[in-house]
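Residue numbers (our numbering): 66 to 237. Some notes on the structure that comes next.
Pasting the structure below:
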């Protein structure tokens with residue numbers, strides 16, 4: 066009887082450890098509160114998946130990625146800023162430390178505005194270079210359309226997401 070009880074307690078403890086290891090706390094950095102409504106479907110989907118969303122602006126002085134030397138959040142979502150950067154609390158160095166501590170970062174950029182210098186600095190730390198001109202093309206020499214882009218390789222063939230796939234939400 067005791068071995069069954071110990072097995073059950075050990076199983077529940079390992080389940081709790083597995084859930085907390087993935088982390089469900091998400092910091093969303095959004096510059097303008099009015100823009101939050103644009104992504105309402107995305108926010109509600111994340112909330113329904115068990116994420117605890119915390120919204121902050123880049124210039125918030127109380128914003129911090131670390132608490133007592135540990136990441137304060139499991140995930141960081143940086144939405145496109147309208148200003149030059151994210152402020153002193155979200156410097157490229159701090160974001161890299163956040164990633165190296167085991168957290169995740171999703172960076173969203175906008176085609177409507179140029180890439181701020183702070184974002185370019187962050188991407189350079191990750192060995193990602195964005196071209197300075199806005200007319201750049203994505204080229205793939207392996208997955209291009211042989212009929213319409215046989216020489217330039219700028220029309221990409223991507224697998225379509227099958228409609229009705231369980232657990233996949235169609236945002237498009």
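Virtual Cβ for every residue (Gly too), placed ideally from N, Cα, C.
Checking the sheet assignment: what are the DSSP bridge partners for residue 220?
Residue mapping note: residue 220 aligns to position 155 of the chain shown, counting from 1. In DSSP, residue 220 forms no bridge with anything.
Output the distance between the C-alpha atoms of residue 13 and residue 163, rounded to the nearest integer angstrom.
Any question about residue 13 goes unanswered here, given that the chain covers just 66 to 237.
Cutting at 6 Å between CB atoms, please list the residues of its own chain near residue 222, excluding the five before and the five after it.
Start at 1 with the first residue of the chain shown, and residue 222 comes out as number 157. Closer than 6 Å at Cβ, skipping near neighbours: 208, 210.
Unbroken beta strand (DSSP E) run spanning residue 121, endpoints:
Counting from 1 along the chain shown, the entry for residue 121 is found at position 56. Here the beta strand (DSSP E) through residue 121 covers 117–121.
CA-to-CA distance, residue 135 to residue 166, given in whole angstroms:
As a working mapping, residue 166 is identified with position 101 in the chain shown. As a working mapping, residue 135 is identified with position 70 in the chain shown. If I take the Cα positions, the gap works out to 8 Å.
N- and C-terminal bounds of the beta strand (DSSP E) containing residue 94:
Within the chain shown, the letter at position 29 stands for residue 94. Element bounds for residue 94: 90–94.
Grab me the residues of residue 86's own chain with a C-beta within less than 7 Å of its C-beta, minus the 5 sequence neighbours each way, in chain order.
Against the chain shown, residue 86 aligns to sequence position 21. Because the pLDDT at residue 86 is just 45, under 50, the model does not fix this residue reliably, and the value given afterwards should be weighed accordingly. For residue 86, where only same-chain residues beyond five positions count, there are no Cβ hits under 7 Å.
Report the option in 142, 216, 127, 190 whose CA atom is closest to the CA atom of residue 154.
To locate residue 154, count along the chain shown from 1; it is residue 89. Considering only alpha carbons, the answer is 127.
Apart from the five residues on each side of it in sequence, which residues of its chain come closer than 7 Å, Cβ to Cβ, to residue 152?
Taking the chain shown and counting its residues from 1, one reaches residue 152 at position 87. 123, 124, listed in sequence order.
What are the boundary residues of the alpha helix (DSSP H) that residue 180 is part of?
Translated into the one-based positions of the chain shown, residue 180 becomes position 115. No alpha helix (DSSP H) contains residue 180, which DSSP labels as neither H nor E.
Can you list, in chain order, the residues of its chain with a C-beta nearer than 7 Å to that of residue 183? Leave out the 5 residues immediately preceding and following it.
The count along the chain shown starts at 1 and reaches residue 183 at position 118. Result list for residue 183: 149, 150, 151, 157, in chain order.
Residue from 141, 109, 201 with nearest C-alpha to residue 217:
One-based indexing of the chain shown puts residue 217 at position 152. Considering only alpha carbons, the answer is 201.
Length of the line joining the Cα atoms of residue 98 and residue 139
Locating residue 98 in the chain shown gives position 33, where the first residue counts as 1. Locating residue 139 in the chain shown gives position 74, where the first residue counts as 1. Computed Cα separation, rounded: 22 Å.
Comparing the C-beta of residue 201 with each C-beta of chain D, is any distance below 7 Å?
Absent from the structure is chain D; it holds one protein chain and no more.
Of the residues 168, 188, 142, which one's Cα is nearest the Cα of residue 101?
As a first step, residue 101 must be located in the chain shown, where it is residue number 36. Looking at the Cα atoms, 142 is the closest of the given residues.
Once DSSP output is grouped into helix, strand and coil, what is the label at residue 187?
Translated into positions along the chain shown, residue 187 becomes position 122. Correct three-state label for residue 187: helix.
Bridge-paired residues (DSSP) for residue 98
Counting from 1 along the chain shown, the entry for residue 98 is found at position 33. Answer is none; residue 98 lacks a bridge partner.
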